[in-house]
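Here the structure is laid out as structure tokens; the discussion comes afterwards.
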Amino acid sequence: MEFLFAVHNHQPVGNFPSIFKSAFEACYRPLLTELAAHPSFRFALHFSGPLWEHMAASERDCWELVRRMSAIGQVELLGGGFYEPVLSLIPEEDRGGQIRMMSDFLGDNFGQRPRGLWLAERVWEPDLPRTLAAAGIEYTLLDEEHFHYAGVRDLAASYVTESEGRRLRVFPIDKTLRYYIPFRSLGEIDAYFASIREAGGTAILGDDGEKFGLWPGTHKWVYDEGWLRKFLAFIEEKDIRTLTFSEYLDSHPPAGRVYLPPASYEEMTEWALEPADQEAYRAAKAAAGPEGRRFLRAGFFRDFCLKYPEADQLHKRMILVSRALSSAGVEGQPLRDLYKGQCNDPYWHGVFGGLYLPHLREAAYRHLLQAERAVPDPEGWQALDYDCDGREELLYRDRTFGLLAKPARGHVIRFGPAAEDVGHVPRSGPVVDLDDRPAAVGLGQESERAVAVEEFLAAVAVVIQGLPA
């Protein structure tokens, strides 16, 4: 039997240095060490840009482990957006720029230009084959949910899809293996592998590396109690053939052509729903049964911009900065700051902090504002539909002050040069907590957060005479 295995590691832009350090100590270093000790175990590896940068500066032993495994062909390095954006949320030009930045980095440092891409949070939209193919990417990994929605029943093979005639191979990630590895016994995993072998299929797994030591309780189980060491020995003893994804691509034709609807992993699509809708979805899913799964959807990743006004404000500011840099032809450090501001974590919320972690939101705004300084807007007022709701807002800026007036909603939002002035404190309201129960998070008003409305009315009066006719 053939087994394809990919591991994805990520820490967001702006996370605390102590988190990076503990992640390498508890997870990334022991994981790489164990894998390197089994050179016949071939696999694919993805580190996001923030981790590559930290590794290059502070974790040279891990860097050398990756370099050695790459040199002997044990590991295939996966590309992606360098600072781990959700590609469908950012402009097309930035999609290609972030992917090429990662491909250049891996080619320059490890001699591998990636053929495959790790898609951040596996957020898929049907136009992505065109984007990825144009950036030199040949394949990506997606969750089995994507394929269920398209009516695909054989999930132990790869498929091909296209957009505007640009082809892309897609691999379905086996959900059972996602939950089995590294949490189940080798006996249970062996029994599941046997079912795949009997069907003549290939076992395909791609998942977060943090479950191998960083998630609570996993370091003891995976390393101290030897689960990973035993698993790698089990793979060798059972004569399971491991391949890189590129090796499989070159030796196996696609099982067929598919067109996949917008999707992500199942949990993500639930988190995008409002709490009451999550409960309704779960009830509908239970009533529909396995055969109704294809026809039942939860949320859509872009719904986070509706669910959380703070995520929407960040997203629209990012789009504004991206357009300004593109129009001015700005490259170099401002472009890198834009890319850092596109890191996905503060744009959504699940069981981990995401949007609700202030240091991640602050980092995103700080980098966007640093990028914006390269193309300062003319002073004064301009009218524009900033949030794309079909109604114009009024944006005022000068060298030290800025505000965004939303006449249709009676809101004024600080739009100044400092990140703390942007009003990115999340509203309160029901969210899905770690145990999936609604919890009130007392962070402010229930409605959309508008910063110091009354205090800005005087400022509006002072500059109102500068309004465009």
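Reading the sequence shown from the start, the letters are residues 5 to 473 in my numbering.
Yeah, the Cβ is synthetic: ideal placement off N, Cα and C, and Gly gets one too.
Just so you know, these numbers come straight off a predicted model, no measurement behind them.
query: Of the residues Trp-56, Lys-289 and Glu-376, the one placed nearest Leu-339, counting alpha carbons only; result: Glu-376
query: The segment 105 to 112 / the segment 75 to 90 touching (three or more Cβ pairs under 8 Å); result: yes
query: Inside the segment 32 to 63 only - alpha helix (DSSP H) runs reaching at least 4 residues; result: 33 to 40 and 53 to 62
query: Contained beta strand (DSSP E) runs [length at least 3] in the segment 126 to 151, N- to C-terminal order; result: 143 to 147
query: In DSSP terms, what Trp-385 is bridged to; result: Tyr-400
query: Residues near Ser-307 by beta carbon distance below 6 Å, same chain, minus five either side; result: Position check: residue 307 holds Asp in this sequence, whereas Ser was assumed. Cβ neighbours of Asp-307 beyond the five flanking positions: Ala-276.
query: Gly-446 classed as buried or exposed, judged by whether at least 16 other C-beta atoms fall within 10 angstroms; result: Note that Gly-446 scores 36 on pLDDT, short of 50, meaning its location in the model is unreliable; the coordinates nonetheless yield the value given after this. Result: exposed.
query: For Gly-406, the nearest candidate out of Cys-392, Glu-383 and Tyr-390 (CA to CA); result: Glu-383
query: Sequence-distant residues of the same chain with beta carbon closer than 7 Å to Lys-289, five excluded per side; result: Leu-300
query: Proximity of Thr-246 and Phe-7 at Cβ, strictly below 7 Å; result: yes
query: Coarse secondary structure for Thr-165, derived from DSSP in three states; result: strand
query: For Arg-245, the residue or residues it bridges with in DSSP; result: Glu-6
query: Beta-carbon proximity of Gln-15 to Leu-49, cut-off 7 Å; result: no
query: Best match in Leu-121, Glu-168, Gly-140 and Phe-175 for proximity to Asp-147 [C-alpha to C-alpha]; result: Phe-175
query: Inter-residue Cα distance where the pair is Leu-136 and Glu-142; result: 7 Å
query: Cα-Cα separation between Asp-228 and His-42, rounded to whole angstroms; result: 18 Å
query: Residue environment, Phe-28, which counts as buried when at least 16 other CB atoms sit within 10 Å; result: buried
query: Closest residue to Asp-178 among Ser-199, Glu-166 and Tyr-390 (Cα-Cα distance); result: Ser-199
query: Contact between the segment 264 to 271 and the segment 124 to 135 (3+ Cβ pairs under 8 Å); result: yes
query: Beta-carbon gap between Ala-409 and Val-17 smaller than 7 Å; result: no
query: Contact under 7 Å by Cβ, Arg-46 with Thr-248; result: yes
query: Rounded straight-line distance, which links the Cα of Leu-69 to that of Gly-296; result: 46 Å
query: Selected residue, minimal CA-CA separation from Asp-211, among Gly-336, Ala-160, Trp-122 and Thr-165; result: Trp-122
query: Local Cβ density within 10 Å of Phe-151, reported as buried at 16 or more and exposed below that; result: buried
query: Own chain residues within Cβ distance below 6 Å of Gly-293, not counting five before or after; result: none
query: Every unbroken alpha helix (DSSP H) inside the segment 243 to 328 [4 residues or more]; result: 249 to 255, 270 to 275, 279 to 292 and 308 to 311
query: Contact check, Tyr-343 vs Ala-315, beta carbons under 7 Å; result: no
query: Nearest candidate by alpha-carbon position, reference Ala-40, set Ser-74, Gly-120 and Ala-412; result: Ser-74
query: Residue burial classification, Asp-65 (beta-carbon count within 10 angstroms, cutoff 16); result: exposed
query: Three-state secondary structure assigned by DSSP to Phe-356; result: coil
query: CA-to-CA distance, His-12 to Arg-188, given in whole angstroms; result: 20 Å
query: Lys-224 Cβ short of 6 Å to the ligand MN heavy atom set; result: For the ligand MN, the structure offers nothing, since it holds no ligand at all.
query: Spatial distance of Thr-165 from Leu-172 (CA atoms); result: 5 Å
query: Residues bridged to Thr-206 [DSSP beta-bridge criterion]; result: Glu-6
query: Buried/exposed call for Gly-303, threshold 16 Cβ in 10 Å; result: buried
query: Length-filtered (3 minimum) beta strand (DSSP E) runs lying within the segment 192 to 240; result: 206 to 212
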